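Residue numbers for the sequence shown, in the UniProt record's numbering: 1 to 831.
Structure, as C-alpha cells:
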Amino acid sequence: MPAQETISHDGYDPHSVIDKWIRVWEERRVFEAQGLTADEDGERPRSFLVSMYPYPSGDLHMGHAEVYAISDASARFARLRGDNVLNPIGWDSFGLPAENAALRRNLDPREWTYGNIDIQADSFRHIGVSFDWRTRLHTSDPEYYRWNQWLFLRLFEKGLAYRKSAAVNWCPVDKTVLANEQVLQGKCERCGTDVEPRELTQWFFRTTDYAQRMLDDMAQLEGKWPGEILAMQRNWIGRSEGAYIDFAVEGRDEPVRVFSTRPDTLYGATFFVVAADSPLAAEVCAPEQRAEFDEYVQKVRTRNDVERLATDRPKTGVALNRCAVNPVNGEKLPIYAADYVLSSYGTGAVMAVPAHDQRDLDFAKVMGLPVRRVLDTGEPDPAESGVATTADGTLINSGRFDGLSKQEAIAAVTAELVECGAGEAAVNYRLRDWLLSRQRYWGTPIPIVHCSSCGEVPVPDDQLPVRLPESGYELRPESGVSPLASAAEWARVSCPRCGGEAERDTDTMDTFVDSSWYFLRYPNPDYTDGPFDPEGVRRWLPVDEYVGGKEHATGHLMYARFITKVLYDLGMVDFVEPFTRLTNQGQVVMDGKAMSKSLGNLVNLQDQIARYGPDAVRVTMVFAGPPEDDIDWADVSPTGSVKWLARVWRLCGDVATESSGAVEDGDLPLRKRVHRLLAETTALMERKRFNVAVARLMELTSALRKAVDTGPGPADPAVREGAEALARMLSCFAPFTAEEAWERLGGEASVIEHGWPVTDPALAAEERVTCVVQVAGKVRARLEVDPSIGEDALRSLALASEKVAEALGGAEVARVIVRPPGLVNVVPRKG
C-alpha cells in the first residue's frame with residue numbers, strides 16, 4: 001500500500017486508529033450474525049444483505065469503494081436498528097482475467113488469484129467494511145466448485161444441460177467462446193477485440209424453458225427492483241405473440257416453419273429469406289448456386305451478430321434458386337440467403353414483407369424484388385417512398401381478409417392456417433439458451449466423460465470434484481486446443497459406465513455458473529452434504545437486499561434467477577426469486593469518462609485512502625449523490641469530508657463528560673432541532689438517500705458546535721444527547737471516526753453495539769406557524785398551521801374562518817391567492 005500521509009486537524013488523525021478498532025471489532029465479534037443455522041437470535045428480525053462479490057484482479061479499486069460504502073451503510077443501519085444482520089464476503093475467483101494475468105507473468109493462476117484475495121481481504125478490513133468473515137468463500141476452491149459440478153449433473157439429468165454444435169462468438173485474443181451477454185457492440189467485453197463467429201460443439205443450459213416463468217415472476221419484484229432493470233430483462237427475454245407458419249419448399253420433404261408476429265401481412269410476402277450460415281440454407285441451395293453460396297457464406301462468417309443486425313449497413317444476399325410456397329394463396333416466393341437474418345432465431349428463416357418491414361424493404365430494393373402493400377395506414381406507398389409502413393391499418397390486397405383491422409386479421413389468418421394445417425398460434429422469445437462452456441483452464445471442469453460406446457456419461461457424484469490438473473497442462477497450447485485438452489494424462493480416464501477407455505470433457509464452465517448460486521452457500525460455507533445448508537437457506541434466504549451494478553441486468557441477474565427456479569423445481573429451495581430487493585450503484589468516473597490506464601485518468605483507491613483516510617473516502621462516495629448516480633471523481637474531493645470528520649471528532653472531545661442534569665432538562669430548542677434532524681435522517685436512511693442523510697448529519701454537527709461555543713454550553717444534556725446521536729449515526733458512513741467520537745464522549749465498547757438513536761415524536765414535530773389571512777388587502781384573521789401545509793388545505797382553512805366570512809359580508813369570492821404557509825389573500829368580486 002502507499003505510505004500514509006499525516007493529516008492533522010487539531011489532533012484528528014484518520015489513520016492511527018484503524019488497527020485499534022479492527023481489533024476491537026474482531027475481539028468483540030461485533031459483526032457476526034447470531035445463529036447462522038441455529039435458533040440463537042430469538043425474535044430479532046434477520047437481514048441478509050449481499051454485495052455482488054469482487055473479482056480478485058488486484059487490490060480494491062474505486063468501484064469497490066463505492067459499492068461497499070453503499071452496502072455497508074445499509075448493513076450497519078440495519079444492525080443499529082436491532083436486526084440480526086448477515087453481511088457476507090466471498091470472491092468470484094475463477095475466470096479469464098486471472099488466467100491471462102498468469103500467462104503474462106508466467107505464474108500459476110492459483111498463485112495470482114489467492115495472492116490478490118489476501119490483498120483485498122486486508123484492504124476490506126482497513127476500510128472498515130462490517131463483514132462476517134466466517135462466511136468467506138472462494139469459487140476456485142475445490143470444496144466450492146465440486147457443487148458447481150453437482151448442480152450441472154442435476155440439470156443434465158433433467159435435460160436442462162445439453163451439448164450441440166452451434167455458431168458461437170469467438171474471441172481470437174482470449175481464445176475462448178463468449179456468451180451473447182459478453183459481447184458488447186461486436187467486441188469482447190474483456191479485451192475489446194472484435195468477436196469472430198465460429199461453429200463449435202458447446203454445452204448449454206436450457207434457459208429458454210424458463211422464459212415465461214422469468215417474465216411472470218417479475219411481478220414479485222415490481223417496486224423492489226429498479227424499473228430500468230426489469231425493463232431490460234423483459235426486453236432481453238423478448239416475448240412476442242404471433243403464429244408459426246409452414247412454407248412448403250421445393251426439393252424438401254418437410255415444410256419450413258417460420259415465426260411471425262404479423263401473420264396478418266402474409267399476403268404481402270414477396271420473397272423468403274434464410275440465414276446464410278444456417279444448415280437450412282445449405283440444404284435448400286440449388287446445385288448450380290453452390291459455388292456462389294459457399295463464397296457468400298465465408299464472407300458472412302467474418303461478421304458478428306451486431307454487425308449483421310445493424311440497420312444502417314447495406315443489405316447483401318444470394319439467390320438459392322429455390323422457391324417457398326405461401327400457404328394462404330399458393331404464390332411461389334423466391335428464396336434468398338442473407339446475412340441480416342440470424343440462424344439462432346427460430347429456424348433461421350423469415351417470410352419477407354418488404355412493404356411493412358424496413359430491413360426486408362432495403363433488401364428488396366437491392367435485389368429488385370416486388371413490394372406489395374397489404375395494410376392501408378394512410379402513409380405513402382413504400383414502393384415509392386422507400387420507407388416501410390409499420391403502423392396499424394386496414395387490410396388491403398389480402399383476398400377475403402380485406403377491410404379487417406390488424407387484430408381482427410391476425411386472429412382470422414391464424415385460424416385459417418390452423419384449419420388448413422399450415423400453422424398455429426405461437427409465442428416466441430428472443431432469449432437464447434445459456435452457452436456455458438469455455439475453452440480455458442481456470443474454471444470448473446465439466447463433469448462429463450466421453451465414451452465411444454456409451455456417449456456422454458456423467459461423472460458419479462462420489463467422484464466429485466473433478467479437480468483441475470495442477471501440472472501437465474499448457475495455459476496456451478501451441479496447437480490452439482483447450483488447455484485441459486493439453487493435459488493428456490488428466491484427460492484419459494475409464495468410462496464410469498462400461499469401464500472402457502474414455503476422455504474427460506476438456507471445457508470448463510463459464511464463471512456465471514459460479515455466481516448463479518453463491519449467495520445460497522453463505523449461511524454455512526463449510527457445509528459438506530450438499531451445495532448449501534438447507535436449514536441455513538430456510539432461515540436466511542431469499543436475500544433481503546442485493547447491491548451491485550446495473551451492467552449485470554441481462555447476465556448474472558438472469559442466470560441467478562434461472563438457477564433459483566431450477567432449484568425450486570428440484571425441491572431444494574422454497575422461493576423462486578433469489579433477491580427480494582435490488583440496489584444498483586453507479587460508476588466512479590473521471591472527467592466524464594470511465595477510468596482507464598490508457599486514458600490516463602485512473603485514480604488509485606489506495607492513494608486516496610493513504611492521503612485522506614478510509615472514512616473520508618467512504619463519506620465522499622455516499623455524499624456525491626444517490627447510490628444509482630455515477631460519481632465523477634473530478635467533481636468531488638475528500639478534503640471537505642476530512643474537515644467535517646475532524647469537526648465531529650473535536651466536537652465530541654469538547655462535550656462535557658458529565659452533563660449538568662437529566663436529558664429532559666436540556667435546552668428545549670436544541671433538543672427539538674436534534675430530534676427533527678434525527679427523524680429526517682432515519683427516514684432518509686430507510687429510503688437509501690444516503691447523500692442527504694450525510695447532509696443532515698453535517699447540519700447536526702453545526703447546530704451542536706454552535707451550542708457548545710455560544711450556549712447553552714458543552715455540559716448541557718441536550719448537547720450530549722445530540723453528540724451521542726451524531727456518533728451513532730455516523731458509524732454507518734465513517735466507522736473509525738464514529739468509534740473515536742464515541743470513546744471521546746465516554747462511551748463504552750463499540751458504538752455499533754449501542755443502537756440507532758430513538759426519535760421522540762413530540763420533540764420532532766414541526767412547530768406551528770402563523771398564517772396571515774387578508775380580505776381585500778386587509779388582515780382579517782390569523783391561523784396557526786403546520787409549516788408543511790399544502791395550498792389546497794390552506795385555502796379551505798382560510799375560507800372556513802368565521803372572521804373571513806364576516807369580512808366578506810356575503811360577497812362572492814373572485815379569487816384566492818395562497819402562499820403557504822404564511823399568507824392567504826381573499827379577493828371579493830366587485831359590484
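Beta carbons are placed, not taken as given, at the ideal position from N, Cα and C, and that holds for glycine.
As the structure is a prediction and not an experimental result, all values here were calculated from the model.
(request) May I ask which residues mark the beginning and end of the alpha helix (DSSP H) holding Q120? (result) Taking the first residue of the sequence shown as position 1, residue 120 is located at position 120. Here the alpha helix (DSSP H) through Q120 covers 109-126.
(request) Would you identify the three-state DSSP class for Y336, choosing helix, strand or coil? (result) Here residue 336 refers to the residue found at position 336 of the sequence shown. Residue state, collapsed to three classes: strand.
(request) Return the CA-CA distance between D529 and N148, expressed in angstroms with no decimal places. (result) Position 529 of the sequence shown, counting from 1, holds the residue named residue 529. Position 148 of the sequence shown, counting from 1, holds the residue named residue 148. When rounded, the distance between both Cα atoms is 14 Å.
(request) With distances taken Cα to Cα, identify the nearest neighbour of G42 among R539, S796, T681, A793. (result) Start at 1 with the first residue of the sequence shown, and residue 42 comes out as number 42. If we check each option's Cα against that of G42, R539 comes out closest.
(message) Please identify the residue among P460, P531, W517, V481 whose C-alpha is closest to the C-alpha of R497.
(response) In the sequence shown, counting from the first residue as 1, residue 497 sits at position 497. Closest by alpha carbon: P460.
(message) Can you give me the C-alpha to C-alpha distance between D277 and K315, rounded to a whole angstrom?
(response) Start at 1 with the first residue of the sequence shown, and residue 277 comes out as number 277. Start at 1 with the first residue of the sequence shown, and residue 315 comes out as number 315. Each residue's alpha carbon lies about 15 Å from the other.
(request) Name the one or two DSSP bridge partners that G423 has. (result) Within the sequence shown, the letter at position 423 stands for residue 423. Partner(s): I245.
(request) Tell me whether G711 sits in a helix, a strand or coil according to DSSP, three-state version. (result) Translated into positions along the sequence shown, residue 711 becomes position 711. Looking at G711 - three-state DSSP - the assignment turns out to be coil, as it is neither helix nor strand.
(request) Alpha carbon to alpha carbon, how far is A281 from Q120? Give it in angstroms, no decimals. (result) Translated into positions along the sequence shown, residue 120 becomes position 120. Translated into positions along the sequence shown, residue 281 becomes position 281. Using only the alpha carbons, I get a separation of about 52 Å.
(message) Would V648 and L745 be called neighbours here (beta carbons separated by less than 8 Å)?
(response) Position 648 of the sequence shown holds residue 648. Position 745 of the sequence shown holds residue 745. Cβ atoms of V648 and L745: not closer than 8 Å.
(message) Can you list, in chain order, the residues of its chain with a C-beta nearer than 8 Å to that of P382? Leave out the 5 residues immediately preceding and following it.
(response) Taking the first residue of the sequence shown as 1, we reach residue 382 at position 382. Around P382: P354, A355, H356, L361, V371, R373, A388, T389.
(message) Below 8 Å on the Cβ atoms is my contact criterion, and I expect L333 with T270 to pass it. Report the Cβ-Cβ distance as a whole number of Å.
(response) Stepping through the sequence shown from its first residue, residue 333 is reached at position 333. Stepping through the sequence shown from its first residue, residue 270 is reached at position 270. About 7 Å separates the two Cβ atoms, so the contact holds.
(request) Consult DSSP for I448 and reduce its assignment to one of helix, strand or coil. (result) Looking up residue 448 in the sequence shown gives position 448. Three-state DSSP puts I448 in a strand.
(request) With Q606 as the anchor, note down where its alpha helix (DSSP H) starts and where it stops. (result) Reading the sequence shown from its first residue, position 606 is the one you call residue 606. First-last of the alpha helix (DSSP H) with Q606: 605-612.
(request) May I ask you to verify whether the segment 426-433 touches the segment 469-476, counting CB pairs closer than 8 Å and requiring at least 3? (result) no
(message) Going by the DSSP bridge assignment, what does L178 pair with across the sheet?
(response) By one-based count along the sequence shown, residue 178 stands at place 178. Paired residues: N169.
(message) Nearest by alpha-carbon distance to V274: which of G186, E199, P255, V350 is it?
(response) Counting from 1 along the sequence shown, the entry for residue 274 is found at position 274. Of the candidates G186, E199, P255, V350, the one whose C-alpha sits nearest the C-alpha of V274 is V350.
(message) Quick check for students: name the residue ranges of the alpha helix (DSSP H) that lie wholly in the segment 615-702, counting only runs of 4 or more.
(response) 638-654, 668-686
(message) For V719, would you say it is in contact with chain C, using Cβ-to-Cβ distances shorter than 8 Å as the test?
(response) Here there is only one protein chain, and chain C is not present.
(request) Please determine if the segment 716-725 and the segment 653-673 are in contact, where contact requires at least 3 C-beta pairs separated by less than 8 Å. (result) yes
(message) Quick check: what's the CA-CA separation for S165 versus R198?
(response) Residue 165 sits at position 165 when you count from the first residue of the sequence shown. Residue 198 sits at position 198 when you count from the first residue of the sequence shown. Between S165 and R198, the C-alpha separation is close to 10 Å.
(request) Note the first and the last residue of the continuous beta strand (DSSP E) segment covering P197. (result) What you label residue 197 is simply residue 197 of the sequence shown in a count that begins at 1. From DSSP, the beta strand (DSSP E) with P197 extends over 196-205.
(request) Taking only the alpha-carbon atoms, compute the straight-line gap between S702 and C652 and give it to the nearest angstrom. (result) If you number the sequence shown from 1, residue 702 lands on position 702. If you number the sequence shown from 1, residue 652 lands on position 652. Looking at the two C-alpha atoms, the distance is approximately 12 Å.
(request) Indicate whether R618 and A734 have their beta-carbon atoms separated by less than 8 Å. (result) Reading the sequence shown from its first residue, position 618 is the one you call residue 618. Reading the sequence shown from its first residue, position 734 is the one you call residue 734. A contact, by the Cβ cut-off of 8 Å.
(message) Do R521 and residue 834 have their beta-carbon atoms positioned less than 8 Å apart in this structure?
(response) Because residue 834 is not part of the residues shown, which for the chain are 1 to 831, the question remains open.
(request) State the Cα-Cα distance for the pair S74 and L464, rounded to the nearest angstrom. (result) Numbered from 1 along the sequence shown, position 74 holds the residue referred to as residue 74. Numbered from 1 along the sequence shown, position 464 holds the residue referred to as residue 464. The alpha-carbon atoms of S74 and L464 are separated by roughly 38 Å.
(message) Helix, strand or coil for H64? Go by DSSP, reduced to three states.
(response) Here residue 64 refers to the residue found at position 64 of the sequence shown. Looking at H64 - three-state DSSP - the assignment turns out to be helix.
(request) Kindly indicate which three-state DSSP category Q587 falls into: helix, strand or coil? (result) By 1-based counting over the sequence shown, the position of residue 587 is 587. In this structure, Q587 counts as coil in the three-state DSSP scheme.
(message) According to DSSP, simplified to helix, strand and coil, what is G268?
(response) Here residue 268 refers to the residue found at position 268 of the sequence shown. G268: helix per DSSP, three-state reduction.
(message) Does V418 pass the burial test, meaning 16 or more other C-beta atoms within 10 Å, or should it be called exposed?
(response) As a first step, residue 418 must be located in the sequence shown, where it is residue number 418. Looking at its Cβ environment, which holds fewer than 16 other Cβ atoms inside 10 Å, V418 is exposed.
(request) Work out the CA separation of L103 and D174 for me, nearest whole Å. (result) In the sequence shown, residue 174 corresponds to position 174, counting from 1. In the sequence shown, residue 103 corresponds to position 103, counting from 1. So the alpha carbons of these two residues sit roughly 11 Å apart.
(request) Return the residue from the list R780, T682, Y518 that minimises the CA-CA distance to E802. (result) Residue numbering aside, residue 802 sits at position 802 when the sequence shown is read from its first letter. Ranking the options by Cα distance to E802, first place goes to R780.
(request) Quick one: using the 10 Å Cβ neighbour count with 16 as the cut-off for buried, is A646 buried or exposed? (result) Counting from 1 along the sequence shown, the entry for residue 646 is found at position 646. Buried, since its Cβ has 16 or more Cβ neighbours within 10 Å.
(message) Tell me whether M232, by its Cβ, gets closer than 7 Å to a heavy atom of the ligand SAH.
(response) Absent from the structure shown: the ligand SAH. Ligands present: none.
(request) Measure the alpha-carbon distance for R673 versus I789 and round it to whole angstroms. (result) In the sequence shown, the residue the question calls residue 673 occupies position 673. In the sequence shown, the residue the question calls residue 789 occupies position 789. Looking at the two C-alpha atoms, the distance is approximately 20 Å.
(request) Would you mind reading off the limits of the alpha helix (DSSP H) that contains M595? (result) Position 595 of the sequence shown, counting from 1, holds the residue named residue 595. Looking at the DSSP string, M595 is not in any alpha helix (DSSP H), and its letter there is neither H nor E.
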